[in-house]
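Just so you know, the sequence shown maps onto residues 92 to 367 in our numbering.
Idealized CB from N, CA, C, for every residue including glycine.
Working notes, beginning with the structure itself.
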Amino acid sequence: MSRPSTLTPVLLARTAAAWLVTLVLFFPLGWLALTAFKTELQAIAVPPQVFFTPTLENFHEVQERSDYLHYAWNSVVTSVLSTLLGLLLAGPAAYAMAFFKGPRTKDILMWMLSTKMMPAVGALVPVYVMAQKTALLDTQAGLIIVFTLSNLPIMVWMLYSGFREIPPEILEASRMDGATLWQEATKVLLPLSLGSFASTGLLCLVLSWNEAFWSLNLSASNAGTLAALIAQYSSPEGLFWAKLSAASLLAIAPIVVFGWFSQKQLVQGLTFGAVK
92 MSRPSTLTPV LLARTAAAWL VTLVLFFPLG WLALTAFKTE LQAIAVPPQV
142 FFTPTLENFH EVQERSDYLH YAWNSVVTSV LSTLLGLLLA GPAAYAMAFF
192 KGPRTKDILM WMLSTKMMPA VGALVPVYVM AQKTALLDTQ AGLIIVFTLS
242 NLPIMVWMLY SGFREIPPEI LEASRMDGAT LWQEATKVLL PLSLGSFAST
292 GLLCLVLSWN EAFWSLNLSA SNAGTLAALI AQYSSPEGLF WAKLSAASLL
342 AIAPIVVFGW FSQKQLVQGL TFGAVK
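Structure below.
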């Protein structure tokens, strides 16, 4: 007896829609990668050239003209250190809010989250003046501080949601056994919330790596990240599409590879508290 076909019109429509959305989302990235291996004339050719002889000239010029490794190193340092510093600050705050709730805990959390609703340009002038007065303009330290403060509300919320999944009775039992606050945090809480810390850190690392607004306004050649590198290929004479595509591909390739291997943790971090 043959099995009935599971390919219903609804399933076919959903599959087609999923493929269509995937192609729409992937097309800009695919076209970017394609343009990176073209010459400038091929990049602006009409109609667009799909078949051509690839060249690595653009990548060589990006490295020789702009020192890609310098900007990449700045991106690594600022994103990693800002993430670690943010976790050190957000961990105790989320711990206090999750296990020692006060009457204003929810209000404080909502206030912290509301700071992300303000456009970054609204805080540009005071932040720029403070960075200038403290000699933090065009320094890695300045970007690390700004990236940390920018992502701190998200970190606190994610860790708070993760801590809320831990039964308070476990911590109460450790206190009854005579555990100090440090022992409770390092030997009980940290092992149980390691997944929350990993997910939060991975997500905020990606956000810091992709941060462009503060990088372009608070840094230049000394502490510029890969966002500043990409901006160099826009000039009053126009856009150098092939070189711009090569620089953009070099900028996003590390974080795309990183995100691919850590996608499970990233999805987990984005959905903390969504399902009970």
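Whole-angstrom distance between residue j and residue i, CA atom to CA atom
{"i": "Pro259", "j": "Leu103", "result": "47 Å"}
{"i": "Phe304", "j": "Leu280", "result": "36 Å"}
{"i": "Ala319", "j": "Ala337", "result": "14 Å"}
{"i": "Phe349", "j": "Trp300", "result": "11 Å"}
{"i": "Leu147", "j": "Ile346", "result": "21 Å"}
{"i": "Leu234", "j": "Ser306", "result": "7 Å"}
Buried or exposed (CB count within 10 angstroms, at least 16 for buried), residue i
{"i": "Lys129", "result": "buried"}
{"i": "Lys192", "result": "exposed"}
{"i": "Leu341", "result": "buried"}
{"i": "Val366", "result": "Because the pLDDT of Val366 is 42, which lies under 50, any placement of that residue in the model is unreliable, and the number read from its coordinates should be weighed accordingly. When all chains shown are included, Val366 counts as exposed."}
{"i": "Gly315", "result": "buried"}
{"i": "Ser312", "result": "exposed"}
{"i": "Trp122", "result": "exposed"}
{"i": "Glu302", "result": "buried"}
{"i": "Ile321", "result": "buried"}
{"i": "Gly213", "result": "exposed"}
{"i": "Gly292", "result": "buried"}
{"i": "Met106", "result": "The residue asked about is misnamed: residue 106 is Thr in this sequence, not Met. Flag for Thr106 reads exposed."}
{"i": "Met188", "result": "buried"}
Residues that residue i bridges to, as DSSP identifies them
{"i": "Leu330", "result": "Ser325"}
Test item: CB-CB of residue i and residue j under 8 Å
{"i": "Leu180", "j": "Leu250", "result": "no"}
{"i": "Ile261", "j": "Ser284", "result": "no"}
{"i": "Gly177", "j": "Thr239", "result": "yes"}
{"i": "Cys295", "j": "Ile343", "result": "no"}
{"i": "Asp229", "j": "Ser310", "result": "yes"}
{"i": "Leu200", "j": "Trp164", "result": "no"}
Query - Entirely enclosed alpha helix (DSSP H) segments - the stretch 176–248, minimum 4 residues - result: 196–205 and 215–224
**Report entry** Continuous alpha helix (DSSP H) assignments of at least 4 residues falling wholly in the stretch 105–177
**Finding:** 131–134 and 148–157
Requested in this report: Please go through the stretch 270–322 and give each complete alpha helix (DSSP H) segment of 4 or more residues, from N-terminal end onward.
Outcome: Listed in chain order, the complete alpha helix (DSSP H) runs (minimum 4 residues) inside the stretch 270–322 are 285–301, 304–309 and 317–322.
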